[in-house]
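Worksheet for the structure shown next.
In the numbering used here, the protein residues as written are 1 to 340.
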């Protein structure tokens, strides 16, 4: 608590923090402002944009469909997205998309992001993908990759697969099959016409995460006309604890499927003492002799972390409406947890 107070006094953190042990909150605190212009304070039930932390929701949706027999992780993308050229769609599978090994990564392609922003639906986004796939290299390029290469486009494709395999809109499936069973009533898509109690995001005028508040600019999240499966969600610290608890109780996935989701499917970094892997929609880290499973998110005016310690029983949720602030707080809490 004193640590958060000190950060807030120097305007280095604004957001909400929750720490729970075996499902019971042992620390919960909100600090800073959800809206600086109106001096609206953050509360523990304030909703925050999540950025890539929401990839876990998309992954769980896909895995629930696999548990239900509506798809297989070995299915080629072309089964659900026939618009993709066969040289790619027939080679990459649902599992490749989940583990960021598909090789479909277009964020750095000039013009792609503008075209994506103009899309009005996930189906239109597929057409944008296809229009820019030649930017990935020569037609003989190998797909999938043999190594990890983080891909927002892969997770947007997974959202398309959810819609087509489930026969309903992506967010409708999430509400019915993920948020509902987990008891998450304050989670949704930032593209909704109006989101009550959503914190406005702030980043410094000198660039991403440049603080303090002097010259801060407001970041607007809801530019997309449709829910973005790669990271267009919002939630609260309480709902994310419910999500973590429902996962670990087995309310969302079969035990063997959850084990795969939390597995070390692909190496990200294998530094001694702090190895990092990616499972099926979840980051898996080894640090201080313990396994930490979860995800983080970062964008201009957004920084978020959800960390689960399966062996120790701790869950840490840090949501901030400041760029890059959440990871610092999460790291501090992790050190406190492993010192117990």
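In this text, a Cβ means the ideal position worked out from N, Cα and C, and glycines have one as well. No experiment lies behind these values; they were computed from the predicted model shown.
Residue i to residue j span [Cα, whole Å]
i	j	result
residue 47	residue 306	15 Å
residue 312	residue 334	11 Å
residue 281	residue 87	25 Å
residue 167	residue 189	19 Å
residue 393	residue 13	The requested residue 393 is not part of the displayed model; the chain covers only 1 to 340.
residue 45	residue 291	28 Å
residue 81	residue 62	15 Å
residue 177	residue 115	31 Å
residue 58	residue 338	30 Å
residue 120	residue 225	5 Å
residue 31	residue 18	12 Å
residue 5	residue 127	48 Å
residue 175	residue 287	34 Å
residue 43	residue 29	8 Å
residue 327	residue 172	31 Å
residue 136	residue 106	7 Å
residue 55	residue 34	24 Å
residue 68	residue 179	17 Å
residue 303	residue 79	35 Å
residue 84	residue 156	14 Å
residue 50	residue 331	18 Å
residue 262	residue 233	22 Å
residue 183	residue 194	21 Å
residue 258	residue 250	8 Å
residue 60	residue 336	29 Å
residue 217	residue 325	16 Å
residue 277	residue 271	11 Å
residue 76	residue 1	49 Å
residue 228	residue 27	31 Å
residue 295	residue 321	17 Å
Backbone secondary structure at residue i - three-state DSSP
i	result
residue 126	helix
residue 330	helix
residue 190	coil
residue 132	helix
residue 18	strand
residue 31	strand
residue 52	helix
residue 212	At residue 212 the pLDDT is 44, less than 50, meaning the model places this residue with poor confidence; the figure from the coordinates comes in the next sentence. Note: residue 212 maps to coil in three-state DSSP.
residue 203	strand
residue 171	helix
residue 76	strand
residue 316	strand
residue 255	helix
residue 245	helix
residue 284	strand
residue 150	coil
residue 220	coil
residue 185	coil
residue 271	strand
residue 141	coil
residue 298	strand
residue 277	strand
residue 96	helix
residue 263	coil
residue 198	strand
residue 237	helix
residue 323	coil
residue 293	strand
residue 101	coil
residue 58	helix
Rounded distance between the beta-carbons of residue j and residue i, thought under 8 Å
i	j	result
residue 162	residue 65	7 Å
residue 240	residue 317	5 Å
residue 154	residue 109	14 Å between Cβ atoms; not a contact.
residue 158	residue 97	5 Å
residue 315	residue 20	5 Å
residue 203	residue 300	5 Å
residue 148	residue 267	7 Å
residue 245	residue 23	5 Å
residue 293	residue 264	Actually they do not touch by this definition, with Cβ atoms about 10 Å apart.
residue 237	residue 125	With a Cβ gap of about 30 Å, residue 237 and residue 125 do not count as contacting.
residue 191	residue 144	Actually they do not touch by this definition, with Cβ atoms about 29 Å apart.
Chain B contact for residue i (CB, 7 Å cutoff)
i	result
residue 306	In summary, chain B is missing from the structure at hand, where a single protein chain is found.
Exercise for review: Determine contact between the region 192 to 205 and the region 145 to 163, defined as no fewer than three beta-carbon pairs at a distance below 8 Å.
Suggested key: No, they do not touch.
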